[in-house]
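Worksheet: one structure, shown below.
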Amino acid sequence: MRKMLCLILLLTVTGCCLASDQPCIDLGGQCQDDSNPCSGSYHSGKCSGSASRRCCTQASDQPCIDLGGQCQDDSNPCSGSYHSGKCSGSASRRCCTQAGDQPCIDFGGNCQYDSNPCSGSYYSGKCSGSANRRCCKPAAVDVDQPCIDLEGRCQDDSNKCSGSYYSGKCTGSANRRCCKKTAVEHDTGDCSDVKIISRDSWGARRPGSTSTIHTPVPDFFIHHTDGGYCTSFSACISQMKGIQNYHMDSRKWADIGYSFLVGEDGKIYEGRGWDKVGAHTSGYNSRGLAASFMGNFATRAPNSAALNAVKKLIQCGISKGKVSQSYALFGHRDVSTSTCPGTALYNVIKTWARFKAHSP
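Those letters in the sequence shown? Residues -19 to -1, 1 to 341, by mature numbering (1 follows the signal peptide of the UniProt record, and there is no 0).
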(Lines of atoms letter the chains of each structure in order from A and count residues from 1; the text may use other names and numbers.)
(Lines give C-alpha, C1' and ligand atoms only; values in the text may rest on other atoms or scores of the structure.)
Protein backbone atom coordinates (compact mmCIF):
# COMPACT_ATOMS: atom_id res chain seq x y z
CA MET A 1 0.00 0.00 0.00
CA ARG A 2 2.79 2.36 0.86
CA LYS A 3 4.58 1.64 -2.45
CA MET A 4 1.39 2.32 -4.36
CA LEU A 5 0.91 5.71 -2.68
CA CYS A 6 4.50 6.66 -3.51
CA LEU A 7 3.98 5.65 -7.12
CA ILE A 8 0.79 7.72 -7.39
CA LEU A 9 2.58 10.71 -5.82
CA LEU A 10 5.51 10.33 -8.24
CA LEU A 11 3.21 10.18 -11.27
CA THR A 12 1.28 13.23 -10.04
CA VAL A 13 4.43 15.31 -9.54
CA THR A 14 5.87 14.18 -12.87
CA GLY A 15 2.61 15.09 -14.64
CA CYS A 16 2.68 18.59 -13.13
CA CYS A 17 6.24 19.12 -14.16
CA LEU A 18 5.58 17.94 -17.70
CA ALA A 19 2.55 20.23 -17.98
CA SER A 20 4.61 23.27 -17.01
CA ASP A 21 7.28 22.21 -19.53
CA GLN A 22 4.79 22.99 -22.32
CA PRO A 23 6.48 26.27 -23.42
CA CYS A 24 9.63 24.26 -24.18
CA ILE A 25 7.66 21.53 -25.92
CA ASP A 26 5.96 24.21 -28.07
CA LEU A 27 9.44 25.33 -29.12
CA GLY A 28 10.20 21.78 -30.21
CA GLY A 29 12.71 21.34 -27.39
CA GLN A 30 13.16 19.28 -24.26
CA CYS A 31 13.76 20.31 -20.66
CA GLN A 32 16.98 19.11 -19.05
CA ASP A 33 19.63 20.19 -16.58
CA ASP A 34 21.91 22.69 -18.33
CA SER A 35 24.98 20.83 -17.09
CA ASN A 36 24.16 18.36 -19.87
CA PRO A 37 25.26 19.03 -23.46
CA CYS A 38 22.69 20.58 -25.87
CA SER A 39 23.06 20.12 -29.65
CA GLY A 40 21.42 23.48 -30.31
CA SER A 41 20.61 26.33 -27.92
CA TYR A 42 19.43 26.63 -24.30
CA HIS A 43 16.43 28.86 -23.46
CA SER A 44 15.57 30.03 -19.95
CA GLY A 45 12.08 30.40 -18.49
CA LYS A 46 10.56 27.59 -20.54
CA CYS A 47 10.83 24.73 -18.01
CA SER A 48 9.50 23.92 -14.56
CA GLY A 49 11.77 23.29 -11.61
CA SER A 50 15.13 24.85 -10.76
CA ALA A 51 16.82 27.64 -12.74
CA SER A 52 19.36 25.12 -14.05
CA ARG A 53 16.59 23.13 -15.74
CA ARG A 54 16.38 24.74 -19.16
CA CYS A 55 14.96 24.13 -22.62
CA CYS A 56 17.30 22.62 -25.22
CA THR A 57 16.24 23.12 -28.85
CA GLN A 58 17.88 21.39 -31.77
CA ALA A 59 20.61 23.10 -33.75
CA SER A 60 18.55 22.97 -36.94
CA ASP A 61 15.92 25.27 -35.34
CA GLN A 62 18.57 27.98 -35.04
CA PRO A 63 17.52 29.89 -38.21
CA CYS A 64 14.08 30.43 -36.66
CA ILE A 65 15.55 31.35 -33.29
CA ASP A 66 17.80 33.89 -35.03
CA LEU A 67 14.65 35.45 -36.51
CA GLY A 68 13.27 35.81 -32.99
CA GLY A 69 10.57 33.24 -33.79
CA GLN A 70 9.61 29.84 -32.52
CA CYS A 71 9.20 26.56 -34.39
CA GLN A 72 5.77 25.00 -34.14
CA ASP A 73 3.30 22.95 -36.16
CA ASP A 74 1.58 25.30 -38.61
CA SER A 75 -1.83 23.94 -37.63
CA ASN A 76 -1.42 26.17 -34.57
CA PRO A 77 -2.28 29.91 -34.71
CA CYS A 78 0.59 32.36 -35.29
CA SER A 79 0.22 35.98 -34.16
CA GLY A 80 2.44 37.16 -37.02
CA SER A 81 3.76 35.29 -40.05
CA TYR A 82 4.92 31.75 -40.78
CA HIS A 83 8.29 31.12 -42.52
CA SER A 84 9.22 27.84 -44.18
CA GLY A 85 12.65 26.19 -44.16
CA LYS A 86 13.69 27.58 -40.77
CA CYS A 87 12.82 24.58 -38.56
CA SER A 88 13.84 20.96 -38.15
CA GLY A 89 11.37 18.12 -38.52
CA SER A 90 8.38 17.80 -40.83
CA ALA A 91 7.36 20.34 -43.50
CA SER A 92 4.41 21.39 -41.32
CA ARG A 93 6.79 22.50 -38.54
CA ARG A 94 7.44 26.15 -39.39
CA CYS A 95 8.80 29.32 -37.86
CA CYS A 96 6.26 31.74 -36.36
CA THR A 97 7.43 35.35 -36.01
CA GLN A 98 5.48 38.05 -34.18
CA ALA A 99 2.85 40.31 -35.80
CA GLY A 100 4.90 43.42 -35.05
CA ASP A 101 7.56 42.23 -37.50
CA GLN A 102 5.36 43.01 -40.53
CA PRO A 103 7.11 46.34 -41.41
CA CYS A 104 10.39 44.41 -41.81
CA ILE A 105 8.72 41.65 -43.84
CA ASP A 106 7.12 44.27 -46.13
CA PHE A 107 10.59 45.79 -46.48
CA GLY A 108 11.92 42.49 -47.79
CA GLY A 109 13.91 41.67 -44.66
CA ASN A 110 13.90 39.40 -41.61
CA CYS A 111 13.84 40.40 -37.95
CA GLN A 112 16.74 39.00 -35.96
CA TYR A 113 19.05 39.92 -33.10
CA ASP A 114 21.77 42.23 -34.40
CA SER A 115 24.45 40.13 -32.74
CA ASN A 116 23.89 37.75 -35.66
CA PRO A 117 25.55 38.46 -39.02
CA CYS A 118 23.50 40.15 -41.76
CA SER A 119 24.56 39.75 -45.39
CA GLY A 120 23.09 43.15 -46.25
CA SER A 121 22.16 46.01 -43.94
CA TYR A 122 20.40 46.38 -40.58
CA TYR A 123 17.43 48.76 -40.19
CA SER A 124 15.99 49.90 -36.85
CA GLY A 125 12.35 50.49 -35.92
CA LYS A 126 10.90 47.73 -38.08
CA CYS A 127 10.79 44.83 -35.59
CA SER A 128 8.94 44.00 -32.40
CA GLY A 129 10.72 43.23 -29.16
CA SER A 130 13.97 44.63 -27.79
CA ALA A 131 16.03 47.39 -29.42
CA ASN A 132 18.71 44.91 -30.51
CA ARG A 133 16.16 42.96 -32.55
CA ARG A 134 16.46 44.64 -35.94
CA CYS A 135 15.52 44.17 -39.57
CA CYS A 136 18.17 42.50 -41.72
CA LYS A 137 17.69 43.14 -45.41
CA PRO A 138 19.94 40.67 -47.27
CA ALA A 139 22.37 42.02 -49.84
CA ALA A 140 20.63 39.96 -52.51
CA VAL A 141 17.50 42.05 -51.95
CA ASP A 142 19.30 45.36 -51.88
CA VAL A 143 18.36 45.93 -55.50
CA ASP A 144 15.31 47.51 -53.82
CA GLN A 145 17.70 50.43 -53.37
CA PRO A 146 16.12 52.44 -56.24
CA CYS A 147 12.89 52.47 -54.21
CA ILE A 148 14.74 53.33 -51.01
CA ASP A 149 16.43 56.20 -52.86
CA LEU A 150 12.95 57.52 -53.69
CA GLU A 151 12.18 57.36 -49.95
CA GLY A 152 9.65 54.68 -50.80
CA ARG A 153 8.86 51.16 -49.66
CA CYS A 154 8.50 48.02 -51.75
CA GLN A 155 5.18 46.28 -51.21
CA ASP A 156 2.55 44.22 -53.00
CA ASP A 157 0.47 46.67 -55.05
CA SER A 158 -2.80 45.12 -53.89
CA ASN A 159 -2.10 47.14 -50.71
CA LYS A 160 -3.00 50.78 -50.25
CA CYS A 161 -0.31 53.37 -50.99
CA SER A 162 -0.44 56.79 -49.33
CA GLY A 163 1.27 58.44 -52.31
CA SER A 164 2.30 57.16 -55.76
CA TYR A 165 3.35 53.75 -57.06
CA TYR A 166 6.50 53.26 -59.19
CA SER A 167 7.22 50.18 -61.27
CA GLY A 168 10.65 48.66 -61.86
CA LYS A 169 12.11 49.80 -58.53
CA CYS A 170 11.69 46.57 -56.53
CA THR A 171 12.85 42.97 -56.68
CA GLY A 172 10.45 40.07 -57.04
CA SER A 173 7.23 39.85 -59.01
CA ALA A 174 5.74 42.63 -61.12
CA ASN A 175 3.16 43.10 -58.35
CA ARG A 176 5.86 44.15 -55.87
CA ARG A 177 6.18 47.86 -56.46
CA CYS A 178 7.57 50.97 -54.85
CA CYS A 179 5.15 53.07 -52.81
CA LYS A 180 6.37 56.62 -52.28
CA LYS A 181 4.63 58.28 -49.34
CA THR A 182 4.01 61.53 -51.19
CA ALA A 183 2.15 61.57 -54.52
CA VAL A 184 3.90 62.79 -57.67
CA GLU A 185 1.91 63.96 -60.69
CA HIS A 186 2.48 61.85 -63.82
CA ASP A 187 0.56 62.09 -67.09
CA THR A 188 -0.23 58.90 -69.02
CA GLY A 189 0.78 60.74 -72.20
CA ASP A 190 -2.30 59.40 -74.00
CA CYS A 191 -3.69 62.77 -75.05
CA SER A 192 -1.87 65.91 -76.12
CA ASP A 193 -4.50 68.45 -75.06
CA VAL A 194 -5.72 67.01 -71.75
CA LYS A 195 -3.74 65.69 -68.80
CA ILE A 196 -4.66 62.16 -67.67
CA ILE A 197 -3.19 61.39 -64.25
CA SER A 198 -1.99 57.77 -64.28
CA ARG A 199 -3.15 55.09 -61.86
CA ASP A 200 0.40 54.81 -60.51
CA SER A 201 0.46 58.54 -59.86
CA TRP A 202 -2.62 58.57 -57.65
CA GLY A 203 -1.55 55.31 -55.97
CA ALA A 204 -4.19 52.92 -57.31
CA ARG A 205 -4.33 49.42 -55.88
CA ARG A 206 -3.97 46.47 -58.23
CA PRO A 207 -7.42 45.34 -59.47
CA GLY A 208 -8.73 41.99 -58.35
CA SER A 209 -9.46 41.05 -61.96
CA THR A 210 -9.90 42.69 -65.37
CA SER A 211 -11.82 42.09 -68.60
CA THR A 212 -10.90 43.64 -71.94
CA ILE A 213 -13.54 45.77 -73.63
CA HIS A 214 -14.02 45.74 -77.41
CA THR A 215 -13.15 49.14 -78.87
CA PRO A 216 -14.16 51.50 -80.35
CA VAL A 217 -17.15 51.64 -78.02
CA PRO A 218 -20.48 52.98 -79.35
CA ASP A 219 -21.56 54.68 -76.08
CA PHE A 220 -20.11 57.16 -73.60
CA PHE A 221 -21.76 57.73 -70.21
CA ILE A 222 -21.55 60.72 -67.86
CA HIS A 223 -21.77 60.26 -64.08
CA HIS A 224 -21.10 62.19 -60.90
CA THR A 225 -19.67 60.55 -57.78
CA ASP A 226 -22.26 62.25 -55.53
CA GLY A 227 -19.46 62.80 -53.02
CA GLY A 228 -16.73 65.31 -52.23
CA TYR A 229 -15.43 67.98 -54.60
CA CYS A 230 -11.78 68.57 -55.41
CA THR A 231 -9.95 71.50 -56.96
CA SER A 232 -6.31 70.46 -56.42
CA PHE A 233 -4.12 67.46 -57.23
CA SER A 234 -3.75 66.44 -53.58
CA ALA A 235 -7.49 66.73 -52.90
CA CYS A 236 -8.40 64.84 -56.07
CA ILE A 237 -6.06 61.90 -55.42
CA SER A 238 -7.49 61.67 -51.92
CA GLN A 239 -10.94 61.39 -53.50
CA MET A 240 -9.66 58.77 -55.96
CA LYS A 241 -8.24 56.58 -53.20
CA GLY A 242 -11.43 56.88 -51.17
CA ILE A 243 -13.64 55.95 -54.13
CA GLN A 244 -11.47 52.96 -55.07
CA ASN A 245 -11.41 51.72 -51.48
CA TYR A 246 -15.19 52.04 -51.25
CA HIS A 247 -15.77 50.23 -54.54
CA MET A 248 -13.31 47.41 -53.74
CA ASP A 249 -13.76 46.97 -49.99
CA SER A 250 -17.43 47.84 -49.42
CA ARG A 251 -19.05 47.03 -52.77
CA LYS A 252 -16.64 44.14 -53.42
CA TRP A 253 -15.93 45.23 -57.00
CA ALA A 254 -12.68 44.26 -58.70
CA ASP A 255 -11.54 47.89 -59.01
CA ILE A 256 -12.75 51.48 -59.05
CA GLY A 257 -15.88 51.39 -61.21
CA TYR A 258 -15.41 54.27 -63.67
CA SER A 259 -13.23 54.37 -66.78
CA PHE A 260 -12.11 57.92 -65.91
CA LEU A 261 -12.87 60.56 -63.29
CA VAL A 262 -12.44 64.33 -63.48
CA GLY A 263 -11.75 66.95 -60.84
CA GLU A 264 -12.38 70.67 -60.87
CA ASP A 265 -8.62 71.05 -61.11
CA GLY A 266 -9.19 70.37 -64.82
CA LYS A 267 -7.39 67.02 -64.83
CA ILE A 268 -8.64 63.59 -65.83
CA TYR A 269 -7.81 60.74 -63.44
CA GLU A 270 -7.35 57.26 -64.88
CA GLY A 271 -9.79 54.70 -63.48
CA ARG A 272 -10.10 51.43 -65.38
CA GLY A 273 -8.92 53.26 -68.49
CA TRP A 274 -9.63 52.84 -72.18
CA ASP A 275 -9.33 49.08 -72.50
CA LYS A 276 -11.10 47.51 -69.50
CA VAL A 277 -14.77 46.75 -68.86
CA GLY A 278 -16.02 49.04 -66.10
CA ALA A 279 -18.64 48.78 -63.35
CA HIS A 280 -20.39 52.10 -63.91
CA THR A 281 -23.61 51.61 -65.90
CA SER A 282 -25.48 48.37 -65.28
CA GLY A 283 -26.34 46.59 -68.52
CA TYR A 284 -23.99 48.76 -70.60
CA ASN A 285 -20.54 48.22 -69.10
CA SER A 286 -19.36 46.01 -71.95
CA ARG A 287 -20.36 48.49 -74.66
CA GLY A 288 -19.46 51.88 -73.19
CA LEU A 289 -16.86 53.94 -71.35
CA ALA A 290 -17.72 56.40 -68.58
CA ALA A 291 -16.37 59.59 -67.07
CA SER A 292 -17.49 60.61 -63.58
CA PHE A 293 -17.27 64.17 -62.24
CA MET A 294 -16.04 64.18 -58.64
CA GLY A 295 -18.69 65.88 -56.53
CA ASN A 296 -22.47 66.31 -56.36
CA PHE A 297 -23.88 68.29 -59.27
CA ALA A 298 -27.58 68.26 -58.51
CA THR A 299 -27.82 72.02 -57.97
CA ARG A 300 -24.69 73.40 -59.63
CA ALA A 301 -22.69 72.44 -62.71
CA PRO A 302 -18.97 71.60 -62.61
CA ASN A 303 -16.58 74.42 -63.49
CA SER A 304 -15.46 74.99 -67.08
CA ALA A 305 -12.06 73.36 -66.45
CA ALA A 306 -13.71 70.03 -65.60
CA LEU A 307 -16.33 70.24 -68.39
CA ASN A 308 -13.72 71.06 -71.05
CA ALA A 309 -11.44 68.26 -69.81
CA VAL A 310 -14.16 65.64 -70.42
CA LYS A 311 -14.95 67.03 -73.87
CA LYS A 312 -11.26 66.74 -74.77
CA LEU A 313 -11.08 63.25 -73.26
CA ILE A 314 -13.86 62.04 -75.56
CA GLN A 315 -12.19 63.59 -78.61
CA CYS A 316 -8.91 61.96 -77.60
CA GLY A 317 -10.71 58.62 -77.33
CA ILE A 318 -12.00 59.03 -80.88
CA SER A 319 -8.52 59.85 -82.21
CA LYS A 320 -7.08 56.78 -80.45
CA GLY A 321 -9.76 54.48 -81.84
CA LYS A 322 -11.21 53.81 -78.38
CA VAL A 323 -14.51 55.67 -78.95
CA SER A 324 -16.56 55.38 -82.14
CA GLN A 325 -16.76 58.50 -84.30
CA SER A 326 -20.53 57.99 -84.29
CA TYR A 327 -20.73 57.46 -80.52
CA ALA A 328 -23.82 58.38 -78.51
CA LEU A 329 -23.55 60.38 -75.26
CA PHE A 330 -25.81 59.59 -72.30
CA GLY A 331 -26.29 60.60 -68.71
CA HIS A 332 -26.47 57.73 -66.25
CA ARG A 333 -30.14 58.57 -65.59
CA ASP A 334 -30.97 57.84 -69.24
CA VAL A 335 -30.44 54.12 -68.66
CA SER A 336 -31.39 53.76 -64.98
CA THR A 337 -33.72 55.06 -62.28
CA SER A 338 -30.82 57.05 -60.79
CA THR A 339 -30.74 60.86 -60.69
CA CYS A 340 -27.04 60.69 -61.64
CA PRO A 341 -25.21 62.76 -62.89
CA GLY A 342 -27.23 65.42 -61.06
CA THR A 343 -29.77 67.74 -62.69
CA ALA A 344 -27.43 70.73 -63.10
CA LEU A 345 -24.74 68.65 -64.85
CA TYR A 346 -27.33 66.74 -66.90
CA ASN A 347 -28.73 70.02 -68.24
CA VAL A 348 -25.22 70.92 -69.44
CA ILE A 349 -24.43 67.65 -71.23
CA LYS A 350 -27.81 67.80 -73.01
CA THR A 351 -26.29 70.66 -75.02
CA TRP A 352 -23.23 68.63 -76.10
CA ALA A 353 -22.82 67.09 -79.53
CA ARG A 354 -23.87 63.43 -79.82
CA PHE A 355 -26.12 63.59 -76.73
CA LYS A 356 -29.05 61.18 -76.94
CA ALA A 357 -32.17 61.80 -74.85
CA HIS A 358 -33.14 58.12 -74.86
CA SER A 359 -31.44 54.85 -73.96
CA PRO A 360 -29.26 52.99 -76.48
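Built from N, CA and C at the ideal position, the CB exists for glycine as well.
DSSP places Ile249 inside the beta strand (DSSP E), whose first and last residues are 249 to 251. The residue among Pro188, Ser60, Ser33, Cys76 with its C-alpha nearest the C-alpha of Leu8 is Cys76. Taking a C-beta distance under 8 Å as the contact criterion, Ser192 and Lys233 do not qualify as a contact pair.
Here Gln43 carries a helix assignment [DSSP, helix/strand/coil].
Counting only runs that start and end inside the segment 194 to 224, the beta strand (DSSP E) elements of at least 3 residues fall at 198 to 205.
The segment 248 to 326 contains, as complete beta strand (DSSP E) runs of 3+ residues, the segments 249 to 251, 269 to 274, 304 to 312 (chain order). Taken through DSSP and simplified to helix, strand or coil, Asn91 comes out as strand.
For Ile194 and Arg253, the gap between their C-alpha atoms comes out near 11 Å.
Buried is the label assigned to Trp255, since at least 16 other Cβ atoms lie within 10 Å of its Cβ. For Asp54, the enclosing beta strand (DSSP E) has its first and last residue at 51 to 54. For Thr38, the beta-bridge partners assigned by DSSP are Ser22. Remark: C-beta atoms of Asp236 and Pro188 approach each other more closely than 8 Å.
The segment 303 to 320 makes contact with the segment 197 to 210, as at least three CB pairs between them are under 8 Å. Cβ neighbours of Cys45 within its own chain (closer than 6 Å, five residues either side excluded): Cys52, Lys67, Cys68, Cys76. Secondary structure note for Arg180: it is in no beta strand (DSSP E), and the uninterrupted alpha helix (DSSP H) holding it is 180 to 183.
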